[in-house]
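The next block holds one structure in the form of structure tokens; read it before the comments.
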Amino acid sequence: MGVTMDGTKQQRRGNTRQRIQDVALELFAEQGYEKTSLREIAERLDVTKAALYYHFKTKEEIIVSLFEDLTKPIEDLIEWGRQQPHTLETKEEIVRRYSEALAGAEPLFRFMQENQATVRELRIGDTFKDRMRGLRSILIDPEAQLVDQVRSVSAMFTLHAGMFVMQDLEGDPEKKREAVLEVALDLIRQAHEHAREMG
Numbered sequence: 068m069g070v071t072m073d074g075t076k077q078q079r080r081g082n083t084r085q086r087i088q089d090v091a092l093e094l095f096a097e098q099g100y101e102k103t104s105l106r107e108i109a110e111r112l113d114v115t116k117a118a119l120y121y122h123f124k125t126k127e128e129i130i131v132s133l134f135e136d137l138t139k140p141i142e143d144l145i146e147w148g149r150q151q152p153h154t155l156e157t158k159e160e161i162v163r164r165y166s167e168a169l170a171g172a173e174p175l176f177r178f179m180q181e182n183q184a185t186v187r188e189l190r191i192g193d194t195f196k197d198r199m200r201g202l203r204s205i206l207i208d209p210e211a212q213l214v215d216q217v218r219s220v221s222a223m224f225t226l227h228a229g230m231f232v233m234q235d236l237e238g239d240p241e242k243k244r245e246a247v248l249e250v251a252l253d254l255i256r257q258a259h260e261h262a263r264e265m266g
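Written as structure tokens, this is what we have:
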């Protein structure tokens, strides 16, 4: 990937880079990834193709960079989780933060859902699966009963389903997110309580 500049330059470039990513995602959503060209992205941004080229040489680079930026919070969360005691509080905090990270990455996940062939080609899905495994290993107690392991994993999938399935339901997005989070936390608590009773 690109060479990192010193901090100040990085920040100055950061904004343009983010604008390119956002506009690219908008265009991909409107007219499809295949049909969108770098030239169109540059036009909508009102920059020259050369200016765009300075940041990204291909559409693929834009998607990969977006994926890396938006899933960074998930990576940080896994790092943090590995250093915490294996308590219910830790797990609840992970579910809460994961919910936030997903909300921030929502446009990207929509892209991934709608462009599965591209996602496979760019091998983005593999990285994402690795992150999922990382999270799963923190949320699951290895000695827990299978049913509780399933509950713990289901908490993650509840958050995923919340992003896609709940979009079509009526209601305030923030309230929906809170409701989805509440169900995910319930599952984590049930698994934890049950494991303690068995223990």
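Mapping of the sequence shown onto my numbering: residues 68 to 266, in sequence order.
Ideal Cβ positions, reconstructed from N, Cα and C, are used throughout, including at glycine.
Under the rule that a run must span 4 or more residues, the alpha helix (DSSP H) segments found entirely inside the segment 160 to 224 read 173 to 181, 183 to 188, 191 to 206. Counting of Cβ neighbours within 10 angstroms places R190 among the exposed residues, the total staying below 16. For R106, same chain residues with a beta-carbon under 8 Å away, outside a window of 5 residues either side, are K116 in chain order.
Sequence-distant Cβ neighbours of L254 in its own chain, meaning closer than 8 Å and more than five residues away, are R218, S219, S221, A222, T225. In the three-state scheme derived from DSSP, where H, G and I count as helix and E and B as strand, H259 is classed as helix.
At a Cβ-Cβ threshold of 8 Å, H153 and D208 count as neighbours. The straight-line gap separating the alpha-carbon atoms of M199 and A172 is approximately 15 Å. Annotation: the continuous alpha helix (DSSP H) that includes S132 extends over 126 to 149. Within its own chain, the residues whose Cβ lies closer than 8 Å to the Cβ of K158, once the five positions on either side in sequence are excluded, are I205, L206, S219, I255, H259, listed in chain order. Relative to I129, the option among E210, R203, V90 whose CA is nearest is V90. About 11 Å separates the beta carbon of A109 from that of L94, a gap too long to meet the 8 Å contact definition. R203 and V250 have their C-alpha atoms some 17 Å from each other. With at least 16 other beta carbons inside 10 angstroms of its own, K126 counts as buried. Counting along the chain, the unbroken alpha helix (DSSP H) around E110 starts and ends at 105 to 112. By the criterion of a C-beta distance shorter than 6 Å, A262 is surrounded in its chain by D208, A211, D215, once the five residues flanking it on both sides are discounted. Taken through DSSP and simplified to helix, strand or coil, G238 comes out as coil. The beta carbons of T185 and Y100 sit about 6 Å from each other, so the pair counts as a contact at 8 Å.
By the neighbour-count criterion, in which a residue is buried when 16 or more other Cβ atoms sit within 10 angstroms of its Cβ, S104 is exposed. A170 and E264 have their C-alpha atoms spaced approximately 34 Å apart.
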